[in-house]
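Everything below concerns the one structure shown next.
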Amino acid sequence: MSDDYGYDYGDDSPYGAGDAEGPDGEGGTGAPRDGGRGPERTFAALPPAHGRGFATSWWGRAWLQALEDTALDGQQLKQGRQLARKGGVGAVSVRPGRITAMVRDRDGTAYRSDVLLQQLGTGAWDRFLDMAVDRAGHIAALLDREMPPHLVEDAAGAGVELLPGIGDLEPECTCGAWDHCPHSGALCYQVARLLDEDPFVLLLMRGRDERRLLDELQVRSAARAVRLGDGGESGATGDAERDTRGVPAGEAFAAAGILPPLPAPPSAPDTPGLGPSLDTETPPAPGIDPAALEVLAADSAVRAHRMLLDALVPGHEEQPLPVELTPRQDAVRLAADARPDARIGARLAAGSGRPPADLAAAVRAWRYGGVAALAVLDEEWAPDPEDLGRARARLGEAWEAGERPALRASGRARWTVAGADLQLRLDRDGRWWPYRKERGRWVPAGPADDDPAGALAGVEDGAADGASGVGVAV
51 MSDDYGYDYG DDSPYGAGDA EGPDGEGGTG APRDGGRGPE RTFAALPPAH
101 GRGFATSWWG RAWLQALEDT ALDGQQLKQG RQLARKGGVG AVSVRPGRIT
151 AMVRDRDGTA YRSDVLLQQL GTGAWDRFLD MAVDRAGHIA ALLDREMPPH
201 LVEDAAGAGV ELLPGIGDLE PECTCGAWDH CPHSGALCYQ VARLLDEDPF
251 VLLLMRGRDE RRLLDELQVR SAARAVRLGD GGESGATGDA ERDTRGVPAG
301 EAFAAAGILP PLPAPPSAPD TPGLGPSLDT ETPPAPGIDP AALEVLAADS
351 AVRAHRMLLD ALVPGHEEQP LPVELTPRQD AVRLAADARP DARIGARLAA
401 GSGRPPADLA AAVRAWRYGG VAALAVLDEE WAPDPEDLGR ARARLGEAWE
451 AGERPALRAS GRARWTVAGA DLQLRLDRDG RWWPYRKERG RWVPAGPADD
501 DPAGALAGVE DGAADGASGV GVAV
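Residue numbers (my numbering): 51 to 524.
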């Protein structure tokens, strides 16, 4: 079978089928370059690589070194690098012995470009797998998407060259060039970015997909454990000695990594669970307030639900730990989340160190921006001259000519709109918070914005969120 460009993928391909051994039975120079369709992974087109290198890992740089040492025309490689940087490489297909992509030239013409890489034969894979099983840390590194130098060195010591060398990357392109043209060069630069993320891409090009490789490692690890358990050691090694020796930690860790993956966790519930009702006929013990306990229990359910949703977000483990709240801040948070009745609200107001009327404004601030918004409400800070100059310049640039409202300084980091009960407050991170005067006091009127004009435009109607108490009966 051939495609629109005449490339043959059938059994009569001149490159043969996948995993066939070379003439020496070891899969050396006689191993095929293109294993038919075989296992294949397709990677969506990557965004342009403005302002970044194409390879950050040492093995990604080794891939590019093989390309640059092989190509005869450095100018064509430079053009290929520019094409890749501008996003000219389409989806990349990776399979044993071959990578393929459509590459658009600077004039928009699309070319199919392929790069061929020698596969490892059966004998070479056997040596690699035996080496990896004997050194369990190599398996752990691969599972972490790493390719440590000693893995490559140990493989080379076993006669297996994982990384390509000079002349190993053979180009084919419908543009007709015989050397690495800009299109095959762009494809290789793009593949370097894929290798950075996953060294299994290289192993797939060499002839083994990830699943098959891990399955074979698991089988060999189990066989090795059986051999050791059946007296594979010297006859002088008794059962008692084997029991005390145990299993190396690295081997146990690596073996766990190639077991079948755990099932997906259950999905999070849509809403927090209902808190208990403590309104019973039994009178409470002295000093116990059932209504307050109900509020705390309901709050615990809300916080647990929120923590679960946060934990399920990709990349959660890389996020900084949340800031620990002070008792005054936590009282405001509890009032915002729990919407307590007037009696509990009065206790929370006392805990926050505020009069009941001020707690409503604090709750509104919390709902707009948490700790940061609360600080803007409570604190008036003094920007240094440089910060103050930048803030004034930003106020001057935020509106088109003739549209800027008249602003007058009302404090060290506050500006009031003349003729309107509106105010802008600048926080320590350079964000602008809108405020509105209600019943003679300034209260938060919307979320923060990096643009002062946007902050004023986002001022919310006080009635929209229940301005008379903001959901807190105090």
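Backbone N, C-alpha and C define an ideal beta-carbon position, used for all residues, glycine too. Small disclaimer: the values here were computed from a predicted structure and weren't measured.
Thinking C-alpha only, which one of the options is nearest residue i?
i       : options                               : result
Asp-471 : Asp-479, Arg-454, Val-493 and Arg-462 : Val-493
Arg-486 : Asp-479, Arg-442 and Ala-415          : Ala-415
Pro-232 : Gly-461, Val-153, Arg-274 and Asp-204 : Val-153
Leu-122 : Val-202, Glu-220, Phe-250 and Ser-460 : Glu-220
Leu-166 : Gly-187, Gly-257, Asp-204 and Glu-247 : Gly-257
Leu-328 : Val-345, Pro-322 and Pro-319          : Val-345
Leu-192 : Leu-252, Ala-335 and Gly-504          : Leu-252
Thr-150 : Glu-331, Ala-410, Leu-362 and Leu-237 : Leu-237
Ile-426 : Ala-448, Ala-399 and Leu-474          : Contrary to the premise, residue 426 reads as Val rather than Ile in this sequence. The shortest Cα separation from Val-426 among Ala-448, Ala-399 and Leu-474 belongs to Leu-474.
Ser-143 : Ile-338, Asp-499, Ala-206 and Val-241 : Val-241
Leu-270 : Cys-225, Ser-234, Arg-185 and Cys-223 : The sequence shown places Arg at residue 270, not Leu. Nearest option by C-alpha distance: Arg-185.
Leu-96  : Arg-131, Ala-141 and Trp-109          : Ala-141
Gly-207 : Asp-229, Met-197, Ala-174 and Ala-396 : Ala-174
Ala-448 : Ala-495, Pro-406 and Leu-506          : Leu-506
Lys-128 : Ala-94, Gly-187 and His-230           : His-230
Pro-98  : Gly-419, Pro-377, Gly-137 and Asp-437 : Gly-137
Would you report the Cα separation of residue i and residue j, rounded to the nearest angstrom?
i       : j       : result
Arg-162 : Tyr-239 : 15 Å
Gln-268 : Leu-244 : 26 Å
Gly-323 : His-355 : 8 Å
Thr-172 : Glu-374 : 57 Å
Asp-248 : Phe-104 : 14 Å
Ala-463 : Glu-429 : 10 Å
Asp-501 : Leu-476 : 11 Å
Leu-371 : Asp-360 : 12 Å
Pro-340 : Pro-334 : 7 Å
Gly-461 : Gly-446 : 18 Å
Ala-275 : Ala-182 : 14 Å
Arg-91  : Val-139 : 16 Å
Val-382 : Ser-402 : 6 Å
Thr-330 : Pro-336 : 15 Å
Asp-155 : Asp-320 : 49 Å
Arg-135 : Asp-119 : 20 Å
Ser-107 : His-366 : 24 Å
Arg-404 : Ala-441 : 31 Å
Arg-177 : Thr-159 : 45 Å
Arg-417 : Pro-497 : 9 Å
Pro-326 : Ala-347 : 7 Å
Ala-314 : Asp-349 : 28 Å
Asp-408 : Gly-480 : 25 Å
Glu-450 : Gly-504 : 13 Å
Asp-515 : Glu-488 : For Asp-515, the predicted structure reports a pLDDT of 40, less than 50, and the residue's modelled location is therefore unreliable. A value from the coordinates is still provided. Rounded to the nearest angstrom, the two C-alpha atoms are 14 Å apart.
Trp-465 : Ala-410 : 23 Å
Leu-133 : Gln-126 : 11 Å
Pro-433 : Trp-482 : 13 Å
Ala-273 : Asp-180 : 11 Å
Trp-228 : Leu-114 : 19 Å
Ala-385 : Pro-377 : 12 Å
Take the Cβ of residue i as the centre, count every other Cβ of all protein chains shown within 10 Å, and call the residue buried at 16 or more, exposed below.
i       : result
Ala-456 : exposed
Gln-169 : buried
Asp-265 : exposed
Met-255 : buried
Arg-478 : exposed
Arg-195 : exposed
Leu-213 : buried
Ile-216 : exposed
Pro-390 : buried
His-100 : exposed
Thr-224 : buried
Thr-332 : exposed
Asp-394 : This sequence places Ile at residue 394; Asp is not what is there. Ile-394 should be labelled buried.
Met-197 : buried
Arg-145 : buried
Arg-148 : buried
Val-413 : buried
Gly-419 : buried
Glu-157 : Note that residue 157 corresponds to Asp in the displayed sequence, not to Glu. Asp-157 comes out exposed.
Could you check how far apart the C-beta atoms of residue i and residue j are, in whole angstroms? I think they sit under 8 Å.
i       : j       : result
Pro-484 : Gly-452 : So it is not a contact: roughly 22 Å between Cβ atoms.
Asp-387 : Val-352 : 5 Å
Ala-29  : Arg-458 : Residue numbering for the chain in the displayed model covers 51 to 524; residue 29 lies beyond these limits and cannot be assessed.
Gly-130 : Gly-235 : 2 Å
Ala-116 : Asp-218 : 6 Å
Gln-379 : Leu-424 : 6 Å
In chain order, which beta strand (DSSP E) runs of at least 3 residues are fully inside the segment 473-515?
-> 482-488 and 491-494
Contained beta strand (DSSP E) runs [length at least 3] in the segment 102-172, N- to C-terminal order = 139-145, 148-154 and 160-166
Enumerated in chain order, which unbroken segments of the alpha helix (DSSP H) with a length of 4 residues or greater are wholly contained in the segment 193-244?
-> 199-207
Entirely within the segment 361-436 and at least 4 residues each: give me those alpha helix (DSSP H) ranges in chain order.
-> 377-388, 392-402 and 406-428
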